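Here the protein sequences line up with chains W and D, keeping their order.
Read in my numbering, the first sequence has 297 at position 302, and its numbers run on one by one without any break.
Count along the second sequence from 1, add 1263, and you get the number used in my numbering.
One structure below.
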Amino acid sequence: MDQTLLTGNVAAAWGARLAAVDYIPAFPITPQTEIIETLGAWVDTGEMPGRMVTLESEHSMLTAAGAAAATGVRVFSATSSQGLLHAMEMLYTVSGWRAPFVLVNVSRGLSAPITLEADHNDILAARDSGFLQIHCADCQEVLDGVLLAYRLAEDPGVRLPVLVNLDGFYLSFTREPVSLPDPAAVARFLPPFDPGNIRFAASAPESQAVAVLGGSPYSYFRYETHLAAQNALAVYDRVAGEFESLFGRQRQAVEAYRTGDADIVFYMMGSFATKAREAVDRLREAGQKVGLLRPRLLRPFPTDAIAAALDGVQGVAVIDQNLSMGQGGVLHTELAASLYGRPGAPAILTSFIGGLGGREITPEEFYQMVAVTREAVTAGKAPPPRLLYTEAELREIRKLQAVAQVEREETTPLRWSEDSNQGGAGHE
Amino acid sequence: MSDARIKRMKDLPSTHLLGTGTPMCSGCGGLEALHEIYDVLGEKTVFVNAAGCMTLLSVYPFTPFRGSWLYTAMASAPAGAQGVRDALDILLEQGRIPPEDDLEVVVLTGDGSAYGMGMSATSGAMDRNLDFIYLCYDNEGYGNTGQQYSSATPHGAATSTSRGSRGYPGYKKDLFAVWAAHAPAYVATVIGSEPLDLARKIEKAKEIRGPRMIIALSPCPTGWDYDPKLSVEIGKLAVSTGVWPLKEYIDGKVTHTRLPHDRPPVEEYLKLQGRFAHLFEPARDEELLADIQARVDRYWENVTPA
Chain W
-4 MDQTLLTGNV AAAWGARLAA VDYIPAFPIT PQTEIIETLG AWVDTGEMPG RMVTLESEHS
56 MLTAAGAAAA TGVRVFSATS SQGLLHAMEM LYTVSGWRAP FVLVNVSRGL SAPITLEADH
116 NDILAARDSG FLQIHCADCQ EVLDGVLLAY RLAEDPGVRL PVLVNLDGFY LSFTREPVSL
176 PDPAAVARFL PPFDPGNIRF AASAPESQAV AVLGGSPYSY FRYETHLAAQ NALAVYDRVA
236 GEFESLFGRQ RQAVEAYRTG DADIVFYMMG SFATKAREAV DRLREAGQKV GLLRPRLLRP
296 FPTDAIAAAL DGVQGVAVID QNLSMGQGGV LHTELAASLY GRPGAPAILT SFIGGLGGRE
356 ITPEEFYQMV AVTREAVTAG KAPPPRLLYT EAELREIRKL QAVAQVEREE TTPLRWSEDS
416 NQGGAGHE
Chain D
1264 MSDARIKRMK DLPSTHLLGT GTPMCSGCGG LEALHEIYDV LGEKTVFVNA AGCMTLLSVY
1324 PFTPFRGSWL YTAMASAPAG AQGVRDALDI LLEQGRIPPE DDLEVVVLTG DGSAYGMGMS
1384 ATSGAMDRNL DFIYLCYDNE GYGNTGQQYS SATPHGAATS TSRGSRGYPG YKKDLFAVWA
1444 AHAPAYVATV IGSEPLDLAR KIEKAKEIRG PRMIIALSPC PTGWDYDPKL SVEIGKLAVS
1504 TGVWPLKEYI DGKVTHTRLP HDRPPVEEYL KLQGRFAHLF EPARDEELLA DIQARVDRYW
1564 ENVTPA
């Protein structure tokens, strides 16, 4: 099959192009901007039909995306990090509209401090929004994920927007060989969007997104959305099966890598899972029964598939590229909640926080996490959550702090330092 | 546009489209304006709403509209209008809906959204020359939450967050000027108590494409504290005293559609409203009354008859 070198961003744009999207509301943000620049260039040259409009904020972008989907066209949009949070009100809103469309998020650590590289606190902030979530580990998955997302979103039993996540820099700006599916095959996989009766037309007046008063109707409609998200589990399995038969690539809700006979398993998501896969191979070479479990689908949460893959496993090293302040890792909490009380579930779930703001996770750290998890299995008790952070990094931070201190002293007005040097009454 | 069909009161539509029994307060000046506007616009409309009093017009499973409705959020109704308009254009271009299924997209927000939280989205929609009508019902405060002051609140008005003896210390933002600075297709001020002026402007707006921006001053019995039966009288006084200039912006030019002669003192307008009672009781606040009057006078000194 023909392969071409694409960044994750351009792979996402190809996903939208192959999905023959009608409408692209856009707003630039690093590291996502290449997606809308790519689509904009295609629309300008006529290589791709469709209409693109740059809004004045992500909040407006998501409003326009939801409103267009609710009017009956196929919509694609993309954002990242602060942009996703700026739009957060509308994420919850448009999923409640049951407006099906696809939003790509290019993960980037959240402010403060403001930064550029990837972690998953942005996408996990949208965890409870009603958007379904597909998480990608490589550029091919990004393209495939966008196509799968449209099938999932537009399924009559689902009708919810879907977020497709890729990691900033590690995927957004990394070129990998990607095979571009034949457009005719994509058209068979993904027929034109049928909005059904949810649209706006003069001949069929419709009130959408109206208010409800009282908890009873509110509960009803919120739970309907939850049930639709639950429906998406079976729909995803069916759609991924069709995808595999058409394009030959497996895209199950959960990727299990060498877990069959494993006693220790890494559990994580996103592009850093490819580092874990490499570590699994090295550890297997060293005779250790180690595997990797990676959810592609985070919403709906594929509880049964995860539990089945972990059945009989002794310990799971959960690596969270996120931090819930005052609690720890989100994946760890969710995995514990979904496994608790299940016969055959691993007794030990260790928790590691790593890769925040794009911080590297080294092979040695993967080996160390397995060792810690083995010790916990032997001891029958998991240690407290641990931040992956080396002494060398701490030394570097201490150096930066020392520089900051010197800079402050050298740029502080002389009078202040004279006062402070007198050591008497002190300074304000 | 010169061949306006609505010339006299008897030309106003006799069929009333908006349903009755809404949860709006009795005497609501915003609902009065909406009634009149809807009759001119007709039912081939989709109202895109932002959080405010009128969000309660459509509460499941009822709506007073014969056409369509989409509630968005407080800050981004114009962006919702963008999505609906663009999607309708795409469907029309692709032949997926017939031309007769097209809709006029109408943003409906209060002053809280229009003057404040939604201003960025409104500015963006005008920048993009979005083909839509924006209808702001302006009751000069965050009315749906109990009339806290907004940037549409007039100087000196008591609100639930400006209860002091001098009322709201700020000055009402000139949204007409802010909108006109974007050079949209059309901007107009209207009021429900002047139905002929209102209908002629809506009729004109209907014939134009691009952003058509309407601000309806909306006397508010609960927020302004007066007997609901006075809504029309207060509305008429807002115009005759010169507090609410009726005007329009088109092709770069502002024209006043009503030049009030022999303007009665502004206090004739103020004294009917509890929100200005502190200007009269327990003692007349001559300084503040003179300041309010002077600002109105200064406005009209700068208006040259068309």
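All C-beta atoms, glycine included, are put in the ideal place defined by N, C-alpha and C.
Here the structure is a predicted model, which is why all the values come from computation and not from measurement.
Should residue i go down as buried or exposed, given a rule of 16 or more other Cβ atoms within 10 Å for buried?
{"i": "VAL398(W)", "result": "exposed"}
{"i": "GLY418(W)", "result": "With a pLDDT of only 46 at GLY418(W), under the threshold of 50, the placement of this residue in the model should not be trusted; the figure read from the coordinates follows. Classification of GLY418(W): exposed, given that the 10 Å Cβ count is below 16."}
{"i": "THR254(W)", "result": "buried"}
{"i": "GLU1511(D)", "result": "buried"}
{"i": "HIS1541(D)", "result": "buried"}
{"i": "LEU389(W)", "result": "exposed"}
{"i": "GLN245(W)", "result": "exposed"}
{"i": "ASP1490(D)", "result": "exposed"}
{"i": "ARG170(W)", "result": "exposed"}
{"i": "PHE1325(D)", "result": "exposed"}
{"i": "TRP1487(D)", "result": "buried"}
{"i": "ASP256(W)", "result": "exposed"}
Have a look at residue i and residue j and give me their C-alpha separation to the nearest angstrom.
{"i": "PRO44(W)", "j": "ILE19(W)", "result": "11 Å"}
{"i": "ASP39(W)", "j": "ILE348(W)", "result": "43 Å"}
{"i": "GLY375(W)", "j": "LEU351(W)", "result": "29 Å"}
{"i": "MET1264(D)", "j": "ARG1463(D)", "result": "With a pLDDT of only 43 at MET1264(D), under the threshold of 50, the placement of this residue in the model should not be trusted; the figure read from the coordinates follows. Using only the alpha carbons, I get a separation of about 10 Å."}
{"i": "ALA1443(D)", "j": "THR(-1)(W)", "result": "50 Å"}
{"i": "LEU1551(D)", "j": "THR1422(D)", "result": "16 Å"}
{"i": "PRO176(W)", "j": "ALA1377(D)", "result": "46 Å"}
{"i": "HIS1524(D)", "j": "SER1503(D)", "result": "8 Å"}
{"i": "ALA420(W)", "j": "VAL401(W)", "result": "Confidence at ALA420(W) is low in this model, with a pLDDT of 45, below 50, so its placement is unreliable and the value that follows should be read with caution. Distance between the alpha carbons of ALA420(W) and VAL401(W) is about 23 Å."}
{"i": "ILE1454(D)", "j": "GLU1403(D)", "result": "13 Å"}
{"i": "ALA1451(D)", "j": "PRO1474(D)", "result": "11 Å"}
{"i": "SER1383(D)", "j": "ASP315(W)", "result": "37 Å"}
{"i": "LYS1467(D)", "j": "ALA82(W)", "result": "36 Å"}
{"i": "GLY10(W)", "j": "LEU1(W)", "result": "12 Å"}
{"i": "MET450(W)", "j": "PRO23(W)", "result": "Nothing about residue 450(W) can be read from this structure; chain W reaches only from -4 to 423."}
{"i": "MET148(W)", "j": "LEU1355(D)", "result": "Per the sequence presented here, residue 148(W) reads as Ala, with Met not at that position. Going by the C-alpha atoms only, they are around 24 Å apart."}
{"i": "ALA1479(D)", "j": "ASP1560(D)", "result": "22 Å"}
Measuring alpha carbon to alpha carbon, tell me which residue in the options is nearest residue i.
{"i": "ARG1526(D)", "options": "GLY1419(D), LEU1355(D), GLN1536(D) and GLY1505(D)", "result": "GLY1505(D)"}
{"i": "THR298(W)", "options": "ARG337(W), ARG277(W) and ASP315(W)", "result": "ARG337(W)"}
{"i": "VAL101(W)", "options": "TYR252(W), THR28(W) and GLN203(W)", "result": "THR28(W)"}
{"i": "ASP150(W)", "options": "VAL97(W), ALA179(W) and VAL5(W)", "result": "VAL97(W)"}
{"i": "PRO95(W)", "options": "GLU112(W), ALA73(W), ALA62(W) and HIS115(W)", "result": "ALA62(W)"}
{"i": "ALA268(W)", "options": "GLY104(W), HIS130(W), ALA21(W) and SER106(W)", "result": "HIS130(W)"}
{"i": "GLN1410(D)", "options": "TYR1397(D), SER1386(D) and GLY1373(D)", "result": "GLY1373(D)"}
{"i": "PRO1361(D)", "options": "ALA197(W), ILE109(W) and PHE22(W)", "result": "ALA197(W)"}
{"i": "SER1289(D)", "options": "LYS1492(D), ALA1557(D), ILE1471(D) and LEU1319(D)", "result": "LYS1492(D)"}
{"i": "ARG1271(D)", "options": "PRO1458(D), ALA1338(D), LEU1398(D) and ASP1349(D)", "result": "PRO1458(D)"}
{"i": "LEU80(W)", "options": "PHE242(W), SER72(W), GLU53(W) and PHE216(W)", "result": "GLU53(W)"}
{"i": "TRP1332(D)", "options": "ALA304(W), ALA199(W), LEU395(W) and ALA274(W)", "result": "ALA199(W)"}
{"i": "HIS1298(D)", "options": "ARG1359(D), GLY1515(D), TYR1532(D) and HIS1279(D)", "result": "HIS1279(D)"}
{"i": "PHE1328(D)", "options": "SER1386(D), GLY1305(D) and SER1339(D)", "result": "GLY1305(D)"}
If you measure from the beta carbon of residue i to each beta carbon in chain D, is any gap under 9 Å?
{"i": "PHE195(W)", "result": "yes"}
{"i": "LEU50(W)", "result": "yes"}
{"i": "GLN309(W)", "result": "no"}
{"i": "MET85(W)", "result": "yes"}
{"i": "LEU80(W)", "result": "no"}
{"i": "GLN203(W)", "result": "yes"}
{"i": "VAL207(W)", "result": "yes"}
{"i": "VAL68(W)", "result": "yes"}
{"i": "ARG46(W)", "result": "yes"}
{"i": "MET440(W)", "result": "Lying before the first or after the last residue shown, residue 440(W) is absent from chain W, which here runs from -4 to 423."}
Give a yes or no on whether the minimum CB-CB distance between residue i and chain C is below 9 Å.
{"i": "SER1425(D)", "result": "In the structure shown, chain C cannot be found, because the protein chains are W and D."}
Relative to the ligand FMN, is the shortest distance from any of its heavy atoms to the C-beta of residue i smaller than 8 Å?
{"i": "GLY339(W)", "result": "With respect to small molecules bound, the structure shown includes none, and the ligand FMN cannot be examined in it."}
For residue i, decide whether its Cβ has a neighbour in chain W, counting only Cβ atoms nearer than 9 Å.
{"i": "MET1264(D)", "result": "Only weak support exists for where MET1264(D) lies, its pLDDT of 43 falling under 50; the coordinates are left without a value."}
{"i": "TRP1507(D)", "result": "no"}
{"i": "ILE1632(D)", "result": "Past the edges of chain D, shown from 1264 to 1569, lies residue 1632(D), and the structure says nothing about it."}
{"i": "LEU1319(D)", "result": "yes"}
{"i": "THR1518(D)", "result": "no"}
Review point. What are the complete beta strand (DSSP E) segments, minimum 3 residues, inside the stretch 1306 to 1365 of chain D?
Key: Within the stretch 1306 to 1365 of chain D, the complete beta strand (DSSP E) runs of at least 3 residues are 1308 to 1312 and 1331 to 1334.
Point to revise | In chain order, each alpha helix (DSSP H) run of at least 4 residues that lies wholly inside the stretch 64 to 104 of chain W | key: 76 to 81 and 83 to 91, all fully within the stretch 64 to 104 of chain W.
Point to revise | 4 or more residues per run - each alpha helix (DSSP H) lying fully within the stretch 1498 to 1557 of chain D | key: Counting only runs of 4 or more, we get 1530 to 1533.
Practice item. Pick out the complete alpha helix (DSSP H) segments inside the stretch 247 to 282 of chain W, 4 residues or longer, and give them in chain order. Key: Listed in chain order, the complete alpha helix (DSSP H) runs (minimum 4 residues) inside the stretch 247 to 282 of chain W are 268 to 280.
Practice item. Quick one: which unbroken beta strand (DSSP E) runs of 3-plus residues sit fully inside the stretch 146 to 186 of chain W? Chain order, please. Key: Taking only runs of at least 3 residues, the beta strand (DSSP E) segments lying wholly in the stretch 146 to 186 of chain W are 157 to 162 and 171 to 174.
Review point. Taking only runs of the beta strand (DSSP E) that begin and end inside the stretch 1366 to 1396 of chain D, which ones reach a length of at least 3 residues, in chain order?
Key: Qualifying beta strand (DSSP E) stretches, in chain order: 1367 to 1373.
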